[in-house]
Amino acid sequence: MADTATLIGRPSIGQPTRRVDGPLKVSGGARYAGEYFADDLLHGYVVSGSIAKGRILSIDTSAAMAIPGVVEVFTHENRPRTAWFDSKYQDQVAPPGSPFRPLYGDGILYSGQPIALVVAESFEAARDAAALVKATYAPEEHITDLDAVKGQSYVPPKKRSGIAPPPEPRGDAEAAFAKAPVKVHETYRVAVEHHNPMEPFATTVVRDAGGKLTIYDKTQGSQNAQAYVTGVFGLNQSDVTVVNAFVGGAFGIGLRPQHQLFLAVMAAQALERSVRVVLTRDQMFTLSYRPETIQTLSLGSAPGGKLDAIMHHAVAGTSHFEDYQEVVVNWAGLLYGCDNVKLSYELAKIDTYTPSDMRAPGATLGVFALESAMDELAYAAGVDPLQLRLTNYADFDQNEDKKFTSKALISCYEQGAERFGWSKRSAEPRSMRDGHELVGWGMATGVWEAKINKTAARASLTETGHLEVSSATSDIGTGTYTVMALTGADAFGLPIEHVTARLGDSSLPTAPVEGGSWAAASTSSAVVDACDKLKQALFKQAQSMPDSPFGNVDFDGVAFRDGRMMLAADEGSSVKLGEIVRSARQHRMEAEGSAAPDSATQKEYVSYTHSAIFVEVKVDEELGVVRVTRIVNAVAAGKILNPKAARSQILGGVVMAMGAALEEETFADHNLGRFMNHNFAEYHVPVNADVQDIDVIFVEEPDDKTSPIGAKGIGEIGIVGTTAAIANAVYHATGKRIRDLPITIDKILA
Amino acid sequence: MKRFDYVRANDVGEAVAALAASPAARIIAGGTNLVDLMKYDVETPERVIDINRLPLNTIEATESGGLKIGALVSNADLAYDSRIAERYPLLSSALLAGASPQLRNLATTGGNLLQRTRCYYFYDTGTPCNKREPGSGCPAIEGVNRIHAILGTSDQCIATHPSDMCVAMAALDAKVHVIGPGGERTIAFEDFHRLPGDMPEKDTNLQPGDLITAVELPAEDFTAHHSYLKLRDRQSYAFALVSVAAALKIEDGRITQARLALGGVAHKPWRDTEAEAMLKNSTPGVASFSAAAAKVLETARGYGENSFKIDLARRAIVRTLKQAADGTPQSQTDKRIR
Ligand SMILES: Cc1cc2nc3c(=O)[nH]c(=O)nc-3n(C[C@H](O)[C@H](O)[C@H](O)COP(=O)(O)OP(=O)(O)OC[C@H]3O[C@@H](n4cnc5c(N)ncnc54)[C@H](O)[C@@H]3O)c2cc1C
Ligand code: SF4
Chain A
1 MADTATLIGR
11 PSIGQPTRRV
21 DGPLKVSGGA
31 RYAGEYFADD
41 LLHGYVVSGS
51 IAKGRILSID
61 TSAAMAIPGV
71 VEVFTHENRP
81 RTAWFDSKYQ
91 DQVAPPGSPF
101 RPLYGDGILY
111 SGQPIALVVA
121 ESFEAARDAA
131 ALVKATYAPE
141 EHITDLDAVK
151 GQSYVPPKKR
161 SGIAPPPEPR
171 GDAEAAFAKA
181 PVKVHETYRV
191 AVEHHNPMEP
201 FATTVVRDAG
211 GKLTIYDKTQ
221 GSQNAQAYVT
231 GVFGLNQSDV
241 TVVNAFVGGA
251 FGIGLRPQHQ
261 LFLAVMAAQA
271 LERSVRVVLT
281 RDQMFTLSYR
291 PETIQTLSLG
301 SAPGGKLDAI
311 MHHAVAGTSH
321 FEDYQEVVVN
331 WAGLLYGCDN
341 VKLSYELAKI
351 DTYTPSDMRA
361 PGATLGVFAL
371 ESAMDELAYA
381 AGVDPLQLRL
391 TNYADFDQNE
401 DKKFTSKALI
411 SCYEQGAERF
421 GWSKRSAEPR
431 SMRDGHELVG
441 WGMATGVWEA
451 KINKTAARAS
461 LTETGHLEVS
471 SATSDIGTGT
481 YTVMALTGAD
491 AFGLPIEHVT
501 ARLGDSSLPT
511 APVEGGSWAA
521 ASTSSAVVDA
531 CDKLKQALFK
541 QAQSMPDSPF
551 GNVDFDGVAF
561 RDGRMMLAAD
571 EGSSVKLGEI
581 VRSARQHRME
591 AEGSAAPDSA
601 TQKEYVSYTH
611 SAIFVEVKVD
621 EELGVVRVTR
631 IVNAVAAGKI
641 LNPKAARSQI
651 LGGVVMAMGA
661 ALEEETFADH
671 NLGRFMNHNF
681 AEYHVPVNAD
691 VQDIDVIFVE
701 EPDDKTSPIG
711 AKGIGEIGIV
721 GTTAAIANAV
731 YHATGKRIRD
741 LPITIDKILA
Chain B
1 MKRFDYVRAN
11 DVGEAVAALA
21 ASPAARIIAG
31 GTNLVDLMKY
41 DVETPERVID
51 INRLPLNTIE
61 ATESGGLKIG
71 ALVSNADLAY
81 DSRIAERYPL
91 LSSALLAGAS
101 PQLRNLATTG
111 GNLLQRTRCY
121 YFYDTGTPCN
131 KREPGSGCPA
141 IEGVNRIHAI
151 LGTSDQCIAT
161 HPSDMCVAMA
171 ALDAKVHVIG
181 PGGERTIAFE
191 DFHRLPGDMP
201 EKDTNLQPGD
211 LITAVELPAE
221 DFTAHHSYLK
231 LRDRQSYAFA
241 LVSVAAALKI
251 EDGRITQARL
261 ALGGVAHKPW
271 RDTEAEAMLK
281 NSTPGVASFS
291 AAAAKVLETA
301 RGYGENSFKI
311 DLARRAIVRT
321 LKQAADGTPQ
331 SQTDKRIR
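Sequence order for the protein chains is A and B. For the first sequence, full-length UniProt numbering gives the first residue as 1, with consecutive numbering after it. For the second sequence, full-length UniProt numbering gives the first residue as 1, with consecutive numbering after it.
Spelled out as structure tokens, the structure:
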């Protein structure tokens, strides 16, 4: 890599860098899936069902068909034939089970299920007609209330790929708990939340004269969507390109193909036309959600708080057709040293759509319960909550008996506490005031997995010396474009304006879905590798040029800077990169590279990001109003590639945690089996007035094992633990322990 | 969304005639509520009559020393009008507690009066709702009713009127000017909105073909002692769980006049004149405020999820009266509750 000293004044890895896609985004130049056009584009509007379970008896489309401009109304009765086997509907991230197949038959599996697609020459005609599609149903008894079925929970018979089941018990947790002098045994819950990215789900299928499809889809993985479409519709990979150049947020809901993709492709194929389908905000609440999960935590400790027993049991809701799973309880065996640990995770089936990954899936829930219980233990043992964490600090992963690649959590605790002023906290609940408001200070630990996934990238240099780096990864607003461009710029010592990053296209080098906080580390590591290979190819070519100054050196003897290759020992002897390309009689030279987890490292090491969160709340107790006035989140996440974008990611995670802690809740009417507050007026996420002081610290954490580039990923860690820190601060302020998020006015008053 | 015709009225006469000609028509003012309801197929007018060109966008002094607010004055213009801000700060404050700046720029005085409930079921045509489809049932009573009413409910409907502006207007004893097929008339604010009873589909006592032309504020001075306190699920941009408008006149340590109205608790802005009468002649303080609150909530009834509102309303009334009495009205920008 280029000598950093030569890069001063120029953005590079580790320096705060503005988003390269920023100008496009703020000027409207960035196009999203529902914003592509085609000649003769048809518009589809989804009709959503109203019962939770049963059969469609009849579906009358005649009034809809009579609306001028309506081309077709697709229902289960006239839907074109697609793949017969449900396995064809599987995707990279599908949990075990039988994926939902839109318009497959007359069966209704959940409220809001798509029952028809109206396709018309204009969006307005399609919407107008959709209201006229009338279905009659034979309803069957449904259950959407997890409490009603939690007694029938089961251990998922088939594990979801990539999701570690709870480890085997260690020691004898029951016995240790029974005789522990200090105990906490409580139940914690978090309300159902919907992802609700700003951009609604949309697909525009552009069909060319030869029947090839270019599909603009809102997805976190263009190649995942492409594989789904080719599988379901029996198409060749070469006939289907999926593009997701810009994604307006996703938070995990875009990992799996959503029903508008199926419906848009189905209509395009059947009608041999280009088709666009956009979901409404309300229909976004008929997609996946963060599963309701009931957690029981038991902690037993010695008088000083040293843990001797941990039991964590969770029951999570899933659909009747898939066993969605996430890692909820394992964190309790990982985060603290303890020899007697028993962890269990079970599912119970309800009549809703399958839940899905939502920002830090599993950890957001599990760590909320764990870190709330740790706070309770601190009071029970009479020790400072921060001291309790230090007393139980884990130096290695007891779940897997492996070492950490790096773990700078102690620095997070220290720097976070220092910045926050934790030492000035008075221990007693209800002991701090500001006028008539109670003041509460709470803290918690956050943890999230750090990994890279097999990813390929291409680097290509043009005859004018412009570098392009590309990969089929996605940028869901997280800054992948910028990190890729930065990595390329760094590798070649180029100003970032001379580098173009391309992503979000299934025809680019293979990359997995963008999730799990792995994209930046994986993609940039692959870009480094591709750039390295390209540099070597350029070197070889340069050696063969007439009068080459590089004849007598090997690759280590050259450097790359400002668009030139030069002798490291004599910078005056250099050749322009574009000249090297031209000397090969090419317009461009390119190379592919890749990155993948190193299995030797994985045998010995695990890798996680960590954080320490400190929160101040002010509570008007009489009226039940909580304001979060200050948050310090200190994060250890390996090398921070772009501190500016990384800080934004943490801020976003913290704000989302404020929503989960205080506001977010999708209300289900269990009589109707339906989510009811399906719009942004009634589903509350934080607004500006809710957000005050948020301070993000990135602590130093050298790591040479997680990824070749030294990064761990920061997309999710900001939300983990923050909800617990807020709830703990509310306890410290009021003496009220609320174990059931969100903490709304009624719960403070209760 | 159903197809509809659009006509634009150029003066009040044209609007009244257009309304008379097609009873299934709807007036559009700011459109911030009507258009949403049309997209949801809750409102399905065959004709939409645009009144935005009508000369109803001014605020004028009345002969009796009050102000007459044209039906098309926007919520933003009304809140920041210097005469309103200085002489009726309670109304300014209530307006600024509502919605968002963007919505307040569009929303009009007439439209705000007639905005419909935010009951989840009312907005969702996939569910029954007596207000939307009379006779279909009220799932909210045994369902999701966190935001629903605790006062004046019926076994047909427990929806609330969601406006902030109207709570202040109720407290200020405003009058609504309307013009209909039979000519002009005024309706006391108290009689404008109605309780659901067995006709929850009817929000107000307007007659078919009525156009609101103005809201009149009488000449009264509550500038020294007033407050609007809104409690909601986030610090801004959420409808009230409970809101309270209080206006007092205090002389020599005694309350000589009191106004008290609540939002978010009933099918209409809930003004309680009996509680006001109790406050009159009392000494401002927790004792008299609590007694008034108890009076307001005497007949309150919860439906499960919303039962907390009874206690919350009691506390909110006491606090708002205290803010008013102390001359420290709630700020709508500083989110700390005084
Ligand atoms: C997300 C959101 C949040 C909101 N939050 C709040 C809040 O916190 N507090 C609050 O008080 N409000 C809130 N509002 C509601 C807002 O105040 C109303 O939508 C607005 O006041 C309606 O005014 P408008 O002019 O847009 O009415 P329109 O939508 O144009 O009309 C509403 C109704 O009034 C009728 N109408 C309008 N003018 C007349 C007239 N002159 N004569 C007869 N009939 C007429 C229309 O036919 C229609 O039935 C919110 C709205 C939204 C969308
Ligand atoms: S409360 Fe009123 S508006 Fe809501 S469902 Fe019942 S009848 Fe409809």
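We put the beta carbon where it would ideally sit given N, CA and C, even for glycine.
Nearest-angstrom beta carbon gap, residue j and residue i [assumed within contact, 8 Å]
{"i": "A/V581", "j": "A/E463", "result": "5 Å"}
{"i": "A/G300", "j": "A/V329", "result": "Not a contact, Cβ separation roughly 17 Å."}
{"i": "B/H161", "j": "B/K268", "result": "5 Å"}
{"i": "B/R234", "j": "A/E663", "result": "5 Å"}
{"i": "A/L57", "j": "A/T136", "result": "5 Å"}
{"i": "B/S227", "j": "B/Q323", "result": "4 Å"}
{"i": "A/A660", "j": "A/L741", "result": "6 Å"}
{"i": "B/I247", "j": "B/P284", "result": "Here residue 247 of chain B turns out to be Ala, not Ile, going by the sequence shown. 13 Å between Cβ atoms; not a contact."}
Residues bridged to residue i (per DSSP)
{"i": "A/P114", "result": "A/S48"}
{"i": "residue 395 of chain B", "result": "In the structure displayed, chain B extends from 1 to 338; residue 395 of chain B sits before or after that span and is not available."}
{"i": "A/V615", "result": "A/G442, A/I631"}
{"i": "A/Q295", "result": "A/Y188, A/A314"}
{"i": "A/M374", "result": "A/M374 pairs with nothing; no bridge assigned."}
{"i": "B/R185", "result": "B/V178"}
{"i": "B/H226", "result": "B/A247"}
{"i": "residue 765 of chain A", "result": "The structure shown does not extend to residue 765 of chain A, since chain A spans only 1 to 750, so no value can be given for it."}
{"i": "B/H193", "result": "B/T204"}
{"i": "residue 752 of chain A", "result": "For residue 752 of chain A there is no data in the structure shown, the boundaries of chain A being 1 and 750."}
{"i": "B/S74", "result": "B/T108"}
{"i": "A/K407", "result": "In DSSP, A/K407 forms no bridge with anything."}
{"i": "A/W422", "result": "Looking at the DSSP assignment, A/W422 forms no beta bridge with any residue, so it has no partner."}
{"i": "A/V606", "result": "A/F404"}
{"i": "B/R259", "result": "B/A247"}
{"i": "B/W270", "result": "B/L262"}
What are the uninterrupted segments assigned as beta strand (DSSP E) that are 3 or more residues long and contained completely in the segment 670 to 733 of chain A, given in chain order?
693 to 698
Could you tell me whether the segment 282 to 299 of chain A touches the segment 187 to 194 of chain A, using the rule of 3 or more Cβ pairs below 8 Å?
yes
Would the segment 148 to 165 of chain A and the segment 217 to 235 of chain A be scored as touching if the rule is three or more Cβ pairs under 8 Å?
no
Are the segment 590 to 606 of chain A and the segment 679 to 691 of chain A touching, with three or more C-beta to C-beta distances below 8 Å?
With the cut-off at 8 Å, the segment 590 to 606 of chain A and the segment 679 to 691 of chain A do not touch.
Do the segment 641 to 652 of chain A and the segment 708 to 715 of chain A touch if we need at least three Cβ pairs shorter than 8 Å?
With a cut-off of 8 Å on Cβ pairs, the segment 641 to 652 of chain A is in contact with the segment 708 to 715 of chain A, counting three or more such pairs.
Taking 8 Å as the cut-off, does the segment 344 to 359 of chain A touch the segment 394 to 414 of chain A (at least 3 CB pairs, one atom from each stretch)?
no
Please go through the segment 262 to 296 of chain A and give each complete alpha helix (DSSP H) segment of 4 or more residues, from N-terminal end onward.
281 to 284
Fully enclosed by the segment 212 to 242 of chain A, which alpha helix (DSSP H) runs are 4 residues long or longer?
222 to 233
What residue ranges within the segment 461 to 543 of chain A form continuous alpha helix (DSSP H) runs of no fewer than 4 residues, ordered along the chain?
Runs of the alpha helix (DSSP H) inside the segment 461 to 543 of chain A: 480 to 492, 519 to 543.
Does the segment 235 to 246 of chain B come into contact with the segment 669 to 677 of chain A, if we say contact requires no fewer than three beta-carbon pairs (one atom in each stretch) closer than 8 Å?
no
I'd like the ranges of any alpha helix (DSSP H) spanning at least 4 consecutive residues and lying wholly in the segment 29 to 107 of chain A.
62 to 65
Pairing CB atoms from the segment 135 to 146 of chain B with CB atoms from the segment 104 to 117 of chain B, are three or more of them under 8 Å?
The segment 135 to 146 of chain B, when compared against the segment 104 to 117 of chain B, does not touch it at the 8 Å Cβ threshold.
Counting Cβ pairs, one atom from each stretch, are 3 or more of them under 8 Å apart for the segment 313 to 320 of chain A and the segment 111 to 123 of chain A?
no
Please determine if the segment 566 to 575 of chain A and the segment 517 to 526 of chain A are in contact, where contact requires at least 3 C-beta pairs separated by less than 8 Å.
no
With three or more beta-carbon pairs closer than 8 Å as the criterion, would you say the segment 703 to 711 of chain A touches the segment 519 to 528 of chain A?
yes
At 4 residues or longer, what runs of the alpha helix (DSSP H) sit wholly inside the segment 88 to 133 of chain B?
89 to 96, 101 to 106, 109 to 114, 120 to 123
Below 8 Å, how does it come out for the segment 42 to 53 of chain B and the segment 73 to 86 of chain B: are there three or more Cβ pairs, yes or no?
no
Those runs of the beta strand (DSSP E) which lie wholly inside the segment 334 to 359 of chain A and span at least 3 residues:
Inside the segment 334 to 359 of chain A, DSSP marks whole beta strand (DSSP E) runs of 3 or more residues at positions 341 to 349, from first to last along the chain.
Quick check: the segment 259 to 276 of chain A against the segment 24 to 43 of chain A, are there 3 or more CB pairs under 8 Å?
yes
Taking 8 Å as the cut-off, does the segment 477 to 495 of chain A touch the segment 621 to 634 of chain A (at least 3 CB pairs, one atom from each stretch)?
no
Does the segment 131 to 150 of chain A come close enough to the segment 56 to 73 of chain A that 3 or more CB-CB pairs lie under 8 Å?
The segment 56 to 73 of chain A, when compared against the segment 131 to 150 of chain A, does touch it at the 8 Å Cβ threshold.
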